[in-house]
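Residue numbers for the sequence shown follow the UniProt record's numbering, beginning at 1 and rising by one. Where a beta carbon is used, it is the ideal one built from N, C-alpha and C, also for glycine. Here the structure is laid out as structure tokens; the discussion comes afterwards.
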Amino acid sequence: MTSPSPSPSVLVVGSGIAGLACARVLHDSGVAVRVVDRGRVVGGRLATKRVDDRPVDIGARYFTVPDSSLPGEYGFAAVVEDWVARGLARPWTSTFDVVAPDGSRERKEGPMRFAAPAGTRSLAVDLADRLRADGVTLELEHEVSGVSDQGEVSGIRYDAVVLAMPDPQARRLVAPGSSVALALQGPEEWLPTLAVVATWPERLWPAELHGAFVNGSATLAFVADDGDRRGDGAAVLVAHTTPECARQYLEEPSAAIAPVVEALGAFLGTAERPSQASVHRWSFALPATQHDSNHLLRGAIGVCGDAWGERSAVSTAWSSGASLGGAIAATLV
């Protein structure tokens, strides 16, 4: 038996925007931080796949800068302003269609939605590259199987371990019945979705259709014009299904393509089928309810993400990670 080796540092598990925000604040506060992720790429639900050699967003639909965004360099407004200035993000649209259950449509004005020309994952890559340039260790395809209440992971004792991921995934890593586990939501409290990417030879919808919330559909929840979102005009739509539809096809997501394509045809008012379609499964896409606080910190374990805040959003994930990083740094520095 060997005792855990001491390590005055913080381990961040998860390289989505919450984990990267937390790592940034910790590093800038003088705390040694290590980031690991089981995936092959950074980004988490800032997910982008390539279809016909162009990026298509299959995770986060867009992001906004809420009025409640914290001021200063760690506020999300400052982050987005920097992305826009460097051409990594751009204002997309402030109007979406809203489809009523009876099929009627209304175009509604809302906050400015931002998009990333190279896909939202490019924003996570930017954050990760900056951390690496500053000497922060970031390891991909690194599986963490468990975290002790004392912050021990694989024989290393950390001052704190941050779980930057959906609650159900975080619960699997902590001790059952622990105060952290009891504070987290279970799988039944999170909503799944499927993201179906459909490509047509040419655009079959008007240019002013940036995206649409679909109410009353058993299949569609949101449809985004990805060509409009990217700014290249490609005839690509991304359809996010309702949780009920996703649950029906979670074990075999490919079986959902046909009914989603049919629903998209009805939505567009056309019988022309897409030239190709693919699907991505998100088992824990959205929390059914939000936590009252903007992060969790119990002893040596912290949890952050888009469930910790007023509403599930990219800005919430950033703010949650940044606030947790600040809270941990305050106890260590």
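Neighbourhood of residue i by C-beta, 6 Å cutoff - its chain only, sequence neighbours within 5 removed
i      : result
VAL162 : VAL12, CYS22, GLY302
ARG171 : ALA181, LEU184
ALA322 : ALA21, VAL25, TYR74
THR2   : Residue placement at THR2 is poorly supported in this model, since its pLDDT is 45, which falls under 50; the coordinates still yield a value, given next. Here the set comprises nothing.
GLY44  : GLY16
HIS291 : ALA307, TRP308
ARG107 : THR95, ASP97
THR316 : ASP306, GLY309
LEU297 : ALA327
Assumed close pair residue i, residue j - CB separation to whole angstroms, cut-off 8 Å
i      : j      : result
ALA277 : VAL197 : 7 Å
ARG124 : SER15  : According to the sequence as given, residue 124 is Ala; it is not Arg. Indeed, because the Cβ distance is near 7 Å, the residues count as touching under 8 Å.
ALA100 : ASN215 : 6 Å
PRO287 : SER312 : 6 Å
ARG54  : ASP232 : 7 Å
Residue j beta carbon less than 9 Å from that of residue i
i      : j      : result
LEU327 : HIS280 : For the record, residue 327 in the displayed sequence is Ala; it is not Leu. No, the pair does not count as a contact, with Cβ atoms beyond the cut-off.
LEU140 : ASP37  : yes
VAL84  : PHE114 : yes
ALA116 : TRP318 : no
PRO192 : ALA246 : yes
VAL10  : ALA160 : yes
VAL260 : LEU324 : no
ARG34  : LEU138 : yes
VAL65  : MET112 : yes
VAL223 : PHE267 : yes
LEU127 : VAL41  : no
SER179 : GLY299 : yes
SER68  : GLU272 : no
Proximal residues to residue i (C-beta, below 8 Å), its chain only, five neighbours per side dropped
i      : result
LEU173 : VAL13, VAL144, SER145, GLY146, VAL147, LEU163
ASP226 : VAL56, ASP57, VAL197, ALA234, VAL236, LEU237, VAL238
ALA47  : ASP57, ILE58, GLY59, ALA60, THR120, ARG121, HIS280
ARG90  : VAL84, PHE114, ALA115, ALA116, PRO117, GLY231
HIS142 : VAL36, ASP37, ARG38
The ligand ADP heavy atom lying under 8 Å from the CB of residue i
i      : result
ALA133 : Summarising the ligand content, the structure contains no ligands, and the ligand ADP is consequently not present.
Same chain, Cβ closer than 7 Å to residue i, five either side skipped, listed in chain order
i           : result
SER275      : THR199, TRP200, PRO201
VAL136      : ALA23, HIS27, VAL33, VAL35
residue 338 : In the structure displayed, the chain extends from 1 to 333; residue 338 sits before or after that span and is not available.
TYR249      : LEU194, ALA255, ALA256
Buried versus exposed, by CB contacts within 10 Å (16 or more), residue i
i      : result
THR289 : exposed
PRO176 : exposed
ARG229 : buried
THR270 : exposed
GLN150 : exposed
ASP167 : buried
ASP306 : buried
ALA133 : exposed
ALA263 : buried
ALA258 : exposed
PRO253 : buried
PHE76  : buried
- the segment 318-333 / the segment 15-32 touching (three or more Cβ pairs under 8 Å): yes
- Item | Touch test, the segment 230-240 against the segment 194-214, Cβ-Cβ under 8 Å, three pairs minimum | yes
- Query: For the segment 93-108 against the segment 205-213, are there 3 or more C-beta pairs whose distance is under 8 Å?
  - Reply: In the pairwise beta carbon analysis, the segment 93-108 is classified as touching the segment 205-213: at least three pairs are separated by under 8 Å.
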